[in-house]
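Residue numbers (the numbering used here): 31 to 248.
For glycine and all other residues, C-beta sits at the position ideal for the given N, C-alpha and C.
First comes the structure, then the notes that go with it.
Have a look at this one:
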């Protein structure tokens, strides 16, 4: 496996990216966008990206502009979407033969879902800790964008995630046969699990993502 350090420059978007390239030929690539408070070099993204690359799946992760500029407040949604599109444009030029999957963690997952429901059609979407509702307010689920999705989508959610009360989000996910929900026992929004190492949890998440992508890449 090789990790390439990349600079993306397209129109008004300038940011950096990491490309985990497997040692063997891969038929699929996952483009990942980070959560609101951590960039592409988070322990979660390092763990998942390395695991998938060793399993033969390419992973391309990038920073949103506000993280690149070391700011705390996320950019407006339109700018986040433009950055994601710029990353996809780069990947499409580099990976013509690969099936492209998109996804992200929390904020990044929300932007991936928005793109997949409007302007871009990937082979599948991977959501790590999708923010279904404000923390602790499961009665305020916003399912409008989710219901417009028409591609296979994997939702990986922590059992104790305050942004995704499992019993409340399950009916929404079960509305589509293309959606699947996997609950991580004891996990919070960042997939921290009491008395379990992050590496074990990240490996578990990665195996689920690997299975999802491999099945759709045949």
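- [ ] Would you give the residue range spanned by the beta strand (DSSP E) that residue 50 belongs to?
- [x] 43-51
TODO: Sort out for me which residues DSSP pairs residue 185 with in a bridge.
DONE: 157, 211
Task: Reference residue 112, options 222, 240, 149, 88, closest by Cα - done: 149
Open item on the list: For residue 98, which residues in the same chain have their Cβ closer than 6 Å to its Cβ, ignoring the five residues on either side in sequence?
Closed with: 45
Task: Coarse secondary structure for residue 129, derived from DSSP in three states - done: strand
Task: Per-residue DSSP class, three states only, for residue 223 - done: coil
Task: Continuous alpha helix (DSSP H) stretch holding residue 78: start and end - done: 73-84
Task: Residue of 38, 206, 79 minimising C-alpha distance to residue 175 - done: 206
- [ ] Could you tell me the distance, in whole angstroms, from the CA atom of residue 167 to the CA atom of residue 41?
- [x] 39 Å
- [ ] For my contact list, residue 214 and residue 189 are in at a C-beta cut-off of 8 Å; report their separation, rounded to the angstrom.
- [x] 6 Å
- [ ] State whether the region 85-102 contacts the region 57-65, with contact taken as three or more CB pairs (one from each stretch) at a distance under 8 Å.
- [x] yes
Task: Identity of the residue in 232, 216, 179 nearest residue 225 by Cα - done: 216
Open item on the list: For residue 64, count the other beta carbons within 10 Å of its own beta carbon; 16 or more makes it buried, fewer makes it exposed. Which is it?
Closed with: buried
- [ ] Quick one: using the 10 Å Cβ neighbour count with 16 as the cut-off for buried, is residue 54 buried or exposed?
- [x] exposed
Open item on the list: Spatial neighbours of residue 71 within its chain, please: C-beta separation below 8 Å, excluding the five flanking residues on both sides.
Closed with: 48
- [ ] Compare the Cα-Cα distances from residue 180 to each of 163, 172, 145, 162 and report the closest residue.
- [x] 145
Open item on the list: Less than 8 Å between the C-beta atoms of residue 159 and residue 193, yes or no?
Closed with: yes
Task: Secondary structure of residue 137, DSSP reduced to three states - done: helix
- [ ] Compare the beta carbon distance of residue 129 and residue 247 with 8 Å and say whether it is the shorter of the two.
- [x] yes
Task: Complete runs of the beta strand (DSSP E) confined to the region 87-123 [at least 3 residues] - done: 88-92
Task: Chain-order list of residues whose beta-carbon lies under 6 Å from that of residue 163 (same chain, five-residue window excluded) - done: 170, 171
Open item on the list: Tell me the rounded alpha-carbon separation between residue 102 and residue 66.
Closed with: 8 Å
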